[in-house]
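So for the sequence shown, UniProt numbering puts the first residue at 1; every next one is plus one. We put the beta carbon where it would ideally sit given N, CA and C, even for glycine. The structure presented is a predicted model; accordingly, all values stated were derived computationally and were not measured. Report on one structure; see the data block that follows.
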Amino acid sequence: MSISAPQASTAPRPIASQRGTPNTPEAMRRVARDFEAQALGALLQPMFQGLDSKGPFGGGAAEGQWRPMLVDSIAKDLAKAGGLGIADSVFRELTRLAAAANSPTPHPTETSAP
Numbered sequence: 001m002s003i004s005a006p007q008a009s010t011a012p013r014p015i016a017s018q019r020g021t022p023n024t025p026e027a028m029r030r031v032a033r034d035f036e037a038q039a040l041g042a043l044l045q046p047m048f049q050g051l052d053s054k055g056p057f058g059g060g061a062a063e064g065q066w067r068p069m070l071v072d073s074i075a076k077d078l079a080k081a082g083g084l085g086i087a088d089s090v091f092r093e094l095t096r097l098a099a100a101a102n103s104p105t106p107h108p109t110e111t112s113a114p
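Okay, structure coming up:
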């Protein structure tokens, strides 16, 4: 007796089932902006790693612990102010995927007339 692993579906799941959020434009804009903030944070992180905190106002270990939160905050503010335009592209793609998920698909045995 052999047990096989369940097969994963290759069809994209609707956005609502992936994150538990409705497919509203506001929710998709928030997701797109959050994605851009994460991307900006990843770009900004190396810039802050080389800072020397051994000067007269250096924060030592505490500064090192709080620095990622500072970078995240800066990235969120940049994304909210327009960022690099990544959120716009992500929003358009989310909108396209939501529309495709909500549109009826023809049955495979049905054929369209030429």
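Query: Buried or exposed: where does G85 fall if 16 or more other Cβ atoms within 10 Å of its Cβ makes it buried?; Result: exposed
Query: Quick one: is residue 115 buried, meaning 16 or more other Cβ sit within 10 Å of its Cβ, or exposed?; Result: The structure shown does not extend to residue 115, since the chain is modelled only from 1 to 114, so the question has no answer here.
Query: For G82, does the three-state DSSP call read helix, strand or coil?; Result: coil
Query: For A79 versus A87, is the C-beta distance shorter than 8 Å?; Result: yes
Query: Could you check if F91 is buried or exposed, using at least 16 other CB atoms within 10 Å of its CB as the buried criterion?; Result: buried
Query: Mind checking which residues open and close the alpha helix (DSSP H) that includes P104?; Result: Element bounds for P104: n/a, residue is neither H nor E.
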